[in-house]
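S.K.: Residue numbers (the working numbering): 12 to 129.
Note that beta-carbon positions come from the ideal geometry of N, C-alpha and C, so glycine has one too.
Questions regarding the structure given below will be posed in turn.
The structure is reproduced here in structure tokens:
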């Protein structure tokens with residue numbers, strides 16, 4: 012990956028297009044599950060979403076493998092896709108980017124208030 016790819020995100024676009032090609036080969040119920048997985052994982056991403064690419068690749072690999080084995084989506088993911096995604100991202104209660112930004116904002120405000128009061 013070059014500096015230019017990192018800045019522009021062109022490497023991410025290329026990976027998403029590769030994911031789209033792989034998803035098209037899946038049965039319809041797996042394609043719908045993929046859309047839900049993407050939506051449920053996005054809150055766990057960083058600013059660029061680059062940290063999610065290995066997780067998405069692994070989730071798509073799981074879907075491909077289980078579809079090839081003839082299993083249903085419900086057998087693989089269960090009823091709680093959001094919980095499945097939380098577990099993929101690091102477990103229930105994992106910190107999202109909103110949590111991290113909120114903590115950073117709180118630290119900055121506390122530091123400014125300490126300077127004003129001291």
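For residue 80 and residue 37, what's the separation of their Cα atoms in angstroms?
M.R.: In the chain shown, counting from the first residue as 1, residue 80 sits at position 69. In the chain shown, counting from the first residue as 1, residue 37 sits at position 26. Linking residue 80 to residue 37 through their CA atoms gives a straight-line distance of about 12 Å.
S.K.: Can you find the residues in the same chain that come closer than 8 Å, C-beta to C-beta, to residue 35, ignoring five residues on each side of it along the sequence?
M.R.: For the purposes of this step, residue 35 is identified with residue 24 of the chain shown, where counting begins at 1. Here the set comprises 42.
S.K.: From 59, 121 and 32, pick the residue whose C-alpha is nearest to that of residue 71; which is it?
M.R.: Sequence index remark: in the chain shown, residue 71 carries index 60 (1-based). Measuring from the Cα of residue 71, the nearest candidate turns out to be 32.
S.K.: Classify residue 97: buried if its beta carbon has 16 or more other beta carbons within 10 angstroms, exposed otherwise.
M.R.: Here residue 97 refers to the residue found at position 86 of the chain shown. That one is buried.
S.K.: For residue 20 and residue 58, I'd like the C-alpha separation in whole angstroms.
M.R.: Residue mapping note: residue 20 aligns to position 9 of the chain shown, counting from 1. Residue mapping note: residue 58 aligns to position 47 of the chain shown, counting from 1. Residue 20 and residue 58: Cα-Cα distance of roughly 11 Å.
S.K.: Give a yes or no on whether the C-beta atoms belonging to residue 26 and residue 64 are separated by under 7 Å.
M.R.: Residue mapping note: residue 26 aligns to position 15 of the chain shown, counting from 1. Residue mapping note: residue 64 aligns to position 53 of the chain shown, counting from 1. Their beta carbons are under 7 Å apart, which means residue 26 touches residue 64 by this criterion.
S.K.: DSSP three-state label for residue 114, please.
M.R.: On the chain shown, position 103 is the one that residue 114 refers to. In this structure, residue 114 counts as helix in the three-state DSSP scheme.
S.K.: To test your reading of the DSSP string, which unbroken alpha helix (DSSP H) runs of 4 or more residues are found completely within the region 48-105?
M.R.: 64-79, 84-88 and 92-99
S.K.: On the DSSP letters alone, give me the boundaries of the alpha helix (DSSP H) that residue 29 sits inside.
M.R.: Stepping through the chain shown from its first residue, residue 29 is reached at position 18. Where residue 29 is concerned, the enclosing alpha helix (DSSP H) stretches over 21-35.
S.K.: Drop a sphere of 10 angstroms on the beta-carbon of residue 120, count the other beta-carbons inside from all chains shown, and report buried for 16 or more, exposed for fewer.
M.R.: Residue numbering aside, residue 120 sits at position 109 when the chain shown is read from its first letter. With fewer than 16 other Cβ atoms within 10 Å, it is exposed.
S.K.: Exposed or buried, residue 78, counting other C-beta atoms within 10 Å across all chains shown (16 or more means buried)?
M.R.: Here residue 78 refers to the residue found at position 67 of the chain shown. Residue 78 is buried by the Cβ-count criterion.
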